[in-house]
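In my numbering, the protein residues as written are 9 to 851.
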């Protein structure tokens with residue numbers, strides 16, 4: 009059984025139509041009532057539910073939750089009052105929003121001399137407000153405020169009554185306080201949420217209380233589960249609501265939120281919001297209350313009127329009728345506020361929709377072409393008897409359900425997509441059913457591919473892109489006509505020509521396609537030999553270089569390389585990139601007329617590796633100006649070619665020999681040929697300059713020559729014995745000469761130096777013996793500083809020499825007394841000498 013749409017009618021003063029409550033597993037309803045059974049009863053109140061039953065047994069399952077929601081709204085509306093939300097307008101008194109769900113209108117109610125924090129309305133619809141001085145009731149006729157009790161400390165920012173007239177208050181803390189009905193000075197902690205604070209109010213809708221709760225300046229909606237005494241059981245955070253929601257209100261089952269700037273509705277449980285009205289005053293809105301939010305009804309369902317009167321044996325929220333097609337049960341309506349009970353009848357009607365089945369329509373087409381269909385041709389396969397049934401067609405289930413946008417041309421409908429679904433509505437006046445027509449486009453494509461070519465002496469097979477019901481080939485000739493079945497799916501031909509295939513498929517659909525086959529001649533090419541020069545029997549050559557050499561033979565052909573004929577025939581392991589080849593190695597060349605051709609020949613490519621000429625060679629040589637230099641290589645190669653020679657050097661008889669005579673500096677090139685291989689080498693000849701001694705470094709009796717020039721250099725300390733060692737040890741005291749020359753002996757450079765000898769006693773008495781202090785060899789170092797001090801550090805001599813130096817033991821022309829004196833000699837080459845001199849003056 010399957011119930012799809014429920015319709016309710018309450019005959020109090022109007023006929024009320026309820027909304028659908030259930031759909032099938034396909035996401036659309038395949039049956040629904042077109043109208044509820046009208047019961048014209050002016051004395052008893054009767055509701056009627058009509059349900060479509062797809063399995064035709066007259067039994068289905070009814071869900072009462074939706075009925076309760078409709079009852080709740082109907083009976084709150086039955087008070088005759090408009091739905092209203094009242095708002096505490098902070099410093100501007102009290103206002104109310106009339107017709108809040110239909111045509112909201114702002115109405116000023118009462119002024120107040122101080123600030124109003126919150127507003128709440130109890131079951132008696134008495135208005136209460138919270139101020140700095142506690143809780144006040146408000147006479148909305150006279151606008152008189154009467155203090156009726158206190159409020160817990162800092163708990164005047166959120167305030168609401170529940171459906172049992174209990175008062176809940178909260179403030180800037182995580183606790184919510186409650187005062188039981190009428191006990192406005194006796195508050196206790198109803199629940200401590202542990203974090204956050206009351207952002208708004210505490211509104212009861214059905215079995216749950218909804219609270220606006222602030223955490224870190226964000227507002228959330230809490231859904232609180234209550235026990236029978238409306239005590240806290242648990243809560244769930246439903247998610248964020250609008251910022252600065254300082255008030256909540258419920259009116260006729262709708263939840264509203266209030267911010268300082270506007271009133272908005274909150275859909276449960278999606279939390280989708282919609283603004284109702286904007287605050288046009290200069291003072292913020294704070295608290296809110298629904299005029300009827302504390303009024304509560306209790307509904308129960310019973311099999312008999314007596315059980316409904318007594319409130320006994322209530323039915324579960326889901327009920328399967330026990331009498332097929334029609335059964336009457338009763339609803340008990342208890343007003344918890346007035347303690348009044350009312351019983352109304354509920355008719356359960358189970359009706360049968362037209363019994364239909366889905367079907368398909370077919371249309372031949374080619375490619376992506378979509379067909380044109382007569383939708384009415386599908387109806388005999390969907391419904392046996394169409395008497396009294398109104399049939400309409402739609403492109404979506406939503407349109408079919410809402411009877412909008414019907415297809416106006418069902419006998420010539422142009423499909424808009426492959427396998428398009430058409431939704432058909434069958435209406436019999438009581439219960440509609442829906443089913444679908446699948447527009448199956450027999451769209452097949454016959455494709456024999458691009459025109460083919462085959463190699464002369466070979467054959468080619470032609471076949472279509474898909475399977476079909478039947479085949480018929482034409483255009484075959486000679487042996488091809490004998491060797492092929494013209495009704496098979498493929499043929500093999502050996503002759504050029506145009507071949508035609510006709511196929512059939514689906515509902516007598518046919519397609520025809522042609523293909524042209526041509527014969528291709530084989531490429532003409534011969535085996536090739538490529539020679540390379542290398543120092544070894546193995547080389548690395550790129551495949552591109554090899555193919556470039558083959559293009560030099562015939563650039564019109566296409567070449568690919570392989571190691572074996574097997575690989576070449578199968579098109580496997582094609583050689584590419586750098587190839588390591590050895591002498592006398594053979595490669596296979598696959599030759600085609602073009603890259604896309606399937607015709608080819610195989611040829612050999614032989615690799616020959618010839619040795620590259622090699623010989624000893626010096627890249628840099630030196631030459632003394634005015635002299636000549638002979639450059640030669642072994643006379644063992646086929647030919648030679650010198651280049652770069654100038655002037656008289658270029659006039660030599662044979663520049664194709666293994667040697668030349670060079671008299672000038674320059675860069676010269678020799679190319680040597682041997683077995684089709686050659687090598688070029690260059691030599692740079694420069695004039696050699698004479699070496700130069702910069703200085704001689706002396707350490708005691710050891711000396712080291714510091715020189716510049718074109719290496720290698722040779723050194724000597726006597727002009728006779730030469731070596732590459734610039735150092736000499738244990739030289740005698742006195743004057744010496746250092747020598748340096750280049751390898752070509754283009755010139756010899758001399759440098760004089762001395763090892764000093766010091767005396768430490770003089771007797772300046774003019775006897776010709778030791779009359780002066782003289783340092784032998786010092787004259788070779790002009791610029792040397794000589795200083796002499798007495799024992800007290802007095803400077804007696806300060807001289808920079810420029811030639812020989814002697815001291816006669818005087819100071820300012822006067823003989824010095826016999827004593828010890830100290831000298832400091834700073835030689836220009838960096839040497840320093842110090843010591844004492846004894847002067848003996850005999851008077």
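By construction, the Cβ of each residue, glycine as well, lies at the ideal position given by its N, Cα and C atoms.
Query raised in the report: What is the C-beta distance between residue 504 and residue 490, in whole angstroms, given that I count them as a contact (C-beta under 8 Å)?
Result: Walking along the chain shown from the start, residue 504 turns up at place 496. Walking along the chain shown from the start, residue 490 turns up at place 482. Contact flag wrong, Cβ pair sits at about 18 Å.
Query raised in the report: What are the start and end residues of the beta strand (DSSP E) that includes residue 828?
Result: Taking the chain shown and counting its residues from 1, one reaches residue 828 at position 820. Note, residue 828: beta strand (DSSP E), 827-834.
**Report entry** Spatial neighbours of residue 51 in its chain, beta-carbon cut-off 7 Å, leaving aside the 5 residues before and after
**Finding:** As a working mapping, residue 51 is identified with position 43 in the chain shown. For residue 51, the predicted structure reports a pLDDT of 34, less than 50, and the residue's modelled location is therefore unreliable. The matter cannot be settled from this model.
Report task. Please state if the CB of residue 127 and the CB of residue 166 are separated by a distance shorter than 8 Å. Result -> Against the chain shown, residue 166 aligns to sequence position 158. Against the chain shown, residue 127 aligns to sequence position 119. No.
Report task. Starting from residue 721, follow its DSSP beta bridges and name the residues at the other end. Result -> Taking the first residue of the chain shown as 1, we reach residue 721 at position 713. 750.
Report task. Kindly list the residues whose CB is nearer than 8 Å to the CB of residue 803, restricted to its own chain and excluding five residues on each side of it in sequence; keep chain order. Result -> Locating residue 803 in the chain shown gives position 795, where the first residue counts as 1. Result list for residue 803: 795, 796 and 797, in chain order.
Requested in this report: Check the DSSP bridge columns for residue 844 and list the partner residues they point to.
Outcome: The sequence position of residue 844 within the chain shown is 836, counting from 1. Answer is 830, bridged to residue 844.
Query raised in the report: Does DSSP put residue 358 in a helix, in a strand, or in coil?
Result: Here residue 358 refers to the residue found at position 350 when the chain shown is read from its first residue. Strand at residue 358.
Requested in this report: With distances taken Cα to Cα, identify the nearest neighbour of residue 759 among 783, 789, 775 and 770.
Outcome: On the chain shown, position 751 is the one that residue 759 refers to. Nearest option by C-alpha distance: 789.
Query raised in the report: Does the distance from the CB of residue 513 to the CB of residue 497 come in under 8 Å?
Result: Reading the chain shown from its first residue, position 505 is the one you call residue 513. Reading the chain shown from its first residue, position 489 is the one you call residue 497. Their beta carbons are not under 8 Å apart, which means residue 513 does not touch residue 497 by this criterion.
Report task. Specify, as a first and last residue, the run of the alpha helix (DSSP H) that residue 571 falls within. Result -> As a first step, residue 571 must be located in the chain shown, where it is residue number 563. Counting along the chain, residue 571 falls outside any alpha helix (DSSP H), and DSSP gives it neither H nor E.
Query - Distance between residue 640 and residue 563 (C-alpha atoms, nearest Å) - result: Counting from 1 along the chain shown, the entry for residue 563 is found at position 555. Counting from 1 along the chain shown, the entry for residue 640 is found at position 632. Cα to Cα, the separation comes out at about 44 Å.
Requested in this report: Just tell me which of 277, 331 and 287 has its CA closest to the CA of residue 271.
Outcome: Here the question's residue 271 lines up with position 263 in the chain shown. The alpha carbon of residue 271 has as its nearest neighbour, out of 277, 331 and 287, the alpha carbon of 287.
Report task. Within the same chain, show all residues whose beta-carbon is closer than 8 Å to that of residue 313, passing over the 5 residues directly before and after it, in chain order. Result -> Here residue 313 refers to the residue found at position 305 when the chain shown is read from its first residue. For residue 313, where only same-chain residues beyond five positions count, the Cβ hits under 8 Å are 338, 351 and 353.
Report task. Output the boundary residues of the alpha helix (DSSP H) element that contains residue 555. Result -> Residue 555 sits at position 547 when you count from the first residue of the chain shown. Counting along the chain, the alpha helix (DSSP H) containing residue 555 begins and ends at 551-561.
Report task. Closer than 8 Å by C-beta to residue 359: which residues in its own chain qualify, once you throw out the five before and the five after it? Chain order, please. Result -> On the chain shown, residue 359 is found 351 positions in, with the first residue counted as 1. 41, 58, 59, 60, 61, 333, 438 and 439, listed in sequence order.
Query raised in the report: How would you write the range of the beta strand (DSSP E) that residue 167 sits in, first residue to last?
Result: Position 159 of the chain shown, counted from the start, is the residue given in the question as residue 167. Unbroken beta strand (DSSP E) run through residue 167: 166-169.
Query - CB of residue 746 within 8 Å of CB of residue 718, strictly - result: Residue mapping note: residue 746 aligns to position 738 of the chain shown, counting from 1. Residue mapping note: residue 718 aligns to position 710 of the chain shown, counting from 1. Not a contact, by the Cβ cut-off of 8 Å.
Query - Beta-bridge partners of residue 369, as assigned by DSSP - result: As a working mapping, residue 369 is identified with position 361 in the chain shown. According to DSSP, residue 369 bridges with 447.
Requested in this report: Kindly confirm or deny that the segment 416-432 and the segment 376-393 touch, where touching means at least three C-beta pairs closer than 8 Å.
Outcome: They touch, by the three-pair rule.
Query - Chain-order list of residues whose beta-carbon lies under 6 Å from that of residue 694 (same chain, five-residue window excluded) - result: In the chain shown, residue 694 corresponds to position 686, counting from 1. Once the five neighbours on either side are set aside, the close Cβ partners of residue 694 are 630 and 673.
Query - Rounded separation between residue 715 and residue 699 - CA only - result: Taking the first residue of the chain shown as position 1, residue 715 is located at position 707. Taking the first residue of the chain shown as position 1, residue 699 is located at position 691. The straight-line gap from Cα to Cα measures roughly 7 Å.
Report task. Alpha carbon to alpha carbon, how far is residue 847 from residue 761? Give it in angstroms, no decimals. Result -> Position 753 of the chain shown, counted from the start, is the residue given in the question as residue 761. Position 839 of the chain shown, counted from the start, is the residue given in the question as residue 847. Roughly 29 Å between the two C-alpha positions.
Query raised in the report: Is it true that the CB of residue 502 sits closer than 8 Å to the CB of residue 488?
Result: Sequence index remark: in the chain shown, residue 488 carries index 480 (1-based). Sequence index remark: in the chain shown, residue 502 carries index 494 (1-based). Taking 8 Å as the Cβ cut-off, residue 488 and residue 502 qualify as a contacting pair.
Query raised in the report: Excluding sequence positions up to five away, which residues of its chain have a Cβ less than 6 Å from the Cβ of residue 355?
Result: As a working note, residue 355 is residue 347 in the chain shown. 56 and 336.
**Report entry** residue 115: first and last residue of the uninterrupted beta strand (DSSP E) it sits in
**Finding:** The sequence position of residue 115 within the chain shown is 107, counting from 1. Element bounds for residue 115: 113-118.
Query raised in the report: Going along the chain, which residues of its own chain have a beta-carbon closer than 7 Å to the beta-carbon of residue 557, five neighbours each way excluded?
Result: Taking the first residue of the chain shown as position 1, residue 557 is located at position 549. Excluding residues within five positions, the ones whose Cβ falls inside 7 Å are 538.
Query raised in the report: Where do the ends of the beta strand (DSSP E) carrying residue 217 lie?
Result: As a position in the chain shown, residue 217 is number 209, starting the count at 1. Per DSSP, residue 217 belongs to the beta strand (DSSP E) from 216-223.
Requested in this report: Compute the Euclidean distance between the alpha carbons of residue 882 and residue 473, then round it to the nearest angstrom.
Outcome: Residue 882 lies beyond the residue range present for the chain, which begins at 9 and ends at 851; the question has no answer from this structure.
Requested in this report: Could you say if the segment 608-617 and the segment 592-599 meet the contact criterion of at least three C-beta pairs nearer than 8 Å?
Outcome: As far as the Cβ criterion goes, the segment 608-617 touches the segment 592-599, which means the pair count is three or higher.
Requested in this report: Quick one: measure Cβ to Cβ for residue 302 and residue 136, integer angstroms, because I've assumed they're closer than 8 Å.
Outcome: The count along the chain shown starts at 1 and reaches residue 302 at position 294. The count along the chain shown starts at 1 and reaches residue 136 at position 128. Actually they do not touch by this definition, with Cβ atoms about 11 Å apart.
Query raised in the report: So what does residue 157 bridge to, in DSSP terms?
Result: Here residue 157 refers to the residue found at position 149 when the chain shown is read from its first residue. Per DSSP, 143.
Requested in this report: Check whether the Cβ atoms of residue 234 and residue 216 sit closer than 8 Å, and answer yes or no.
Outcome: On the chain shown, residue 234 is found 226 positions in, with the first residue counted as 1. On the chain shown, residue 216 is found 208 positions in, with the first residue counted as 1. In this structure, residue 234 places its C-beta atom within 8 Å of the C-beta atom of residue 216.
Report task. Whole angstroms is fine: what's the gap from residue 601's alpha carbon to residue 534's? Result -> Working through the chain shown from its first residue, we reach residue 601 at position 593. Working through the chain shown from its first residue, we reach residue 534 at position 526. Looking at the two C-alpha atoms, the distance is approximately 14 Å.
Requested in this report: Pull up the CB-CB distance for residue 180 and residue 198, whole angstroms please, since I reckon it's below 8 Å.
Outcome: One-based indexing of the chain shown puts residue 180 at position 172. One-based indexing of the chain shown puts residue 198 at position 190. The pair is not a contact, with the Cβ atoms about 17 Å apart (cut-off 8 Å).
**Report entry** 6 Å CB neighbourhood of residue 43 in its chain, flanking five on each side removed
**Finding:** The residue labelled residue 43 in the question sits at position 35 within the chain shown. Below a pLDDT of 50, predicted positions are generally treated as unreliable, and residue 43, at 35, falls in that range; no measurement from the model is reported.
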